[in-house]
Every structure is written in structure tokens, then in C-alpha cells.
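Q: When you read off a place in the sequence shown, starting at 1, and then add 1, the result is the number in the numbering used here. Positions of the beta carbon are idealized from the N, C-alpha and C atoms, including for glycine. Being a predicted model, the structure only gives us computed values, none of them experimental. Sharing a structure below in C-alpha cells format, with a few things to ask.
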Amino acid sequence: MTEGLERLKRKRATIRAATTRLLTRLEDEVGKERPNIDKLREFLAVLSSKEDSLLDLDKGIEDVTPTDDLDTEISSTLDYMDRVLTWKVRATTTIGHQETIRDTPRVRKVECPVSDRLAHRQCRAPDLCVL
2 MTEGLERLKR
12 KRATIRAATT
22 RLLTRLEDEV
32 GKERPNIDKL
42 REFLAVLSSK
52 EDSLLDLDKG
62 IEDVTPTDDL
72 DTEISSTLDY
82 MDRVLTWKVR
92 ATTTIGHQET
102 IRDTPRVRKV
112 ECPVSDRLAH
122 RQCRAPDLCV
132 L
């Protein structure tokens, strides 16, 4: 393995480790009963930046990887990027769901202090006299 390829792989490993930590935080937030939308948006912005860095590094690594090792390299890259994409979609879906819940008017159930006897009593119109 050439020194240039080794440097690219080390840099990618460092960024992947940071991305994996971010994905873990993202997974934890998405898994909460009431996820914080602002945190999810922040995580997505950082994740997009890391994804761009990884795409550039992956391209550089593919360019200098020997043909014999190319299939393994591409497969590894695709597997990792699938995980990133999966969690981006899940976070985006969660944000949309939470915004829908937030924007939906709440209906409160109001209890009437009417006793059961009065609730089942039939009302009768008053008798009218014609003169």
C-alpha cells in the first residue's frame, strides 16, 4: 500500500469514527418519545458536512486503490454510506412527524358535572294553551 493511500485511509478512519459517534447521538435522539427537533436539525447539518468529507476521501481512495482490491473498497464504502443515508432519512421523517404533532390543534375532553340521572332524563316541551 502506498503512503498516499495509507494517509487517505487514516484520515477517512478518523472522520468515520467521528461520524459514527454522531450517528449514535442521532439514533438516541430519534429514539426518544419526544425528540428535540432543533438537535435533530443540528445533527443533520453536521452529518451532511461529514458525509461530504467522506465522499471526497472515498473518491480519492478509489482512484489509487489497486484494481484487485477495488470491489472490497467500494462495498465497504457503500455499506457505510447506506447507514448514513438511513439515519438522515429517519431523522428527517422524525422532524416532519414532530412538526405535524406540534401544529395539530389539541382537543381537550371536558367533563360535564351533570349527574347520570339528569343526563338520561328526557326533556319535555311546556304545554301551550290556545285562547
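Is the region 30 to 37 touching the region 59 to 66 in the sense that three or more CB pairs, one from each, lie closer than 8 Å?
A: no
Q: For the alpha helix (DSSP H) containing K12, list its first residue and its last residue.
A: 4 to 32
Q: Tell me which residue opens and which closes the alpha helix (DSSP H) that T93 is part of.
A: 68 to 104
Q: Under a Cβ-count criterion, where at least 16 other Cβ atoms within 10 Å of its own Cβ denotes burial, should V90 be classed as buried or exposed?
A: Exposed.
Q: Give every residue of the same chain whose Cβ lies closer than 7 Å to the Cβ of Y78, excluding the five residues on either side of it in the sequence, and list them in chain order.
A: Note on residue identity: the sequence assigns Thr, not Tyr, to residue 78. Hits under 7 Å: D59.
Q: By the 10 Å Cβ neighbour count, where 16 or more other Cβ atoms means buried, how is A46 classified, buried or exposed?
A: exposed
Q: Assign L27 to buried or exposed, taking buried as 16 or more other Cβ atoms, counted over all protein chains shown, within 10 Å of its Cβ.
A: buried
Q: Can the beta-carbon of M82 be found less than 9 Å from the beta-carbon of L41?
A: no
Q: Look at the Cβ atom of T93, then the Cβ atom of L6, and state whether they are nearer than 9 Å.
A: No, they are not a contact pair.
Q: Quick one: residues in its chain with C-beta nearer than 8 Å to the C-beta of I16, no 5 flanking neighbours on either side, listed in chain order?
A: K51, S54, L55, L58
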